[in-house]
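Data block below; observations after.
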Ligand code: FPP
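Okay, here's the thing in structure tokens:
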């Protein structure tokens, strides 16, 4: 397993923009309800924002964007909403594939694929393969993703390697465990944004966000514009990240 870059835990002081931004896209349901429309209408509007934010990344110096599309807990929603979301993901991949390819976006998916319908998994695999040569923006979509689930799956695979005698328990440190995470090829997020006024991390990138900065905004995801994204990204440069060290 190749690790492109391990954790970013060096103090870099003020000035640097976020290289990796992760987003909890919350508020689609409320946005639709406010308009007297079904929740899925909000998810459709949410997809348009995903497109807009991905397009905004290169000019802002954001190389990695990770979006939380479906959590391991989202299966608890009504069957109609879950089915609607799955249809939306299939449609997004099918419709956007060529544009993503053309625009230099490399797409990856994280999360447990085992519970996803085979037709969707096939589309996900194909899109990853299609865009694997791109390097302008790295878009990671978290689908059936949960931070605890990801760490649990990594620990299980690590335990198996030890059981098979390919690793010693003495080799198990944070870096080794990180190699078994779904995100093993990605740098840690510098900034995590959550929309819709909720100040929770909801099981998103638990391990990877250890030193991330957080930004909680009231805007519902379908109203989250490129301008607001730019404002937050620019604001990040003024934060003083110390990673547990003392300011210079
Ligand atoms: C949270 O809003 C949103 C979701 C669970 C789904 C996110 C999906 C999208 C934005 C569209 C698809 C994305 C891609 C990458 C194709 P909510 O339903 O929890 O809203 P609420 O809190 O107002 O109920």
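Residue numbers (our numbering): 11 to 258.
C-beta atoms are modelled at their ideal positions from N, C-alpha and C, and glycine is treated no differently.
- In terms of side-chain proximity, the C-beta atom of residue 154 is found no nearer than 7 angstroms to any non-hydrogen atom of the ligand FPP.
- Boundaries of the beta strand (DSSP E) around residue 32: 30-34.
- Straight across, the Cα-Cα distance linking residue 119 with residue 178 is about 30 angstroms.
- The continuous stretches of beta strand (DSSP E) do not include residue 129, which lies in the alpha helix (DSSP H) extending over residues 128-140.
- In this structure the region 126-137 does not touch the region 163-172; the number of beta carbon pairs closer than 8 angstroms is below three.
- Counting C-beta pairs with one atom in each stretch, the region 69-76 and the region 92-104 have fewer than three that are closer than 8 angstroms, which means they do not touch.
- Distances from the CA of residue 228 to each of 77, 28, 38 and 31 were compared; the closest alpha carbon is that of 38.
- Leaving aside the five residues that flank residue 204 on each side, the residues in its chain whose CB is nearer than 7 angstroms to its CB run, in chain order, 34, 36 and 226.
- Here DSSP, grouped into helix, strand and coil, assigns residue 187 to helix.
- Taking non-hydrogen atoms of the ligand FPP into account, the C-beta of residue 212 is found less than 7 angstroms away from none of them.
- Checking the DSSP bridge columns, you'll see residue 223 partnered with 201.
- In this structure, residue 97 has its CB at a distance of at least 7 angstroms from all heavy atoms of the ligand FPP.
- Exclusion of residue 204 from the 7 angstroms shell around the ligand FPP follows from its C-beta lying no nearer than that to any non-hydrogen atom of the ligand.
- Annotation for residue 93: the continuous alpha helix (DSSP H) segment containing it runs 89-112.
- Counting along the chain, residue 237 sits inside the alpha helix (DSSP H) bounded by residues 236-246.
- Counting every other CB atom within 10 Å of its CB across the protein chains shown gives residue 191 a total of 16 or more, marking it as buried.
- Below 8 angstroms, enough C-beta pairs join the region 210-218 and the region 75-88 to call them touching: three or more.
- Distances from the CB of residue 248 to the heavy atoms of the ligand FPP are all 7 angstroms or more.
- Taking the Cβ atoms as the reference, residue 251 lies roughly 7 angstroms from residue 223, within the contact range of under 8 angstroms.
- The C-beta distance from residue 201 to residue 92 rounds to 29 angstroms, too long to fall under 8 angstroms, and the pair is not in contact.
- Burial check for residue 170: the Cβ neighbour count within 10 Å stays below 16, so the residue is exposed.
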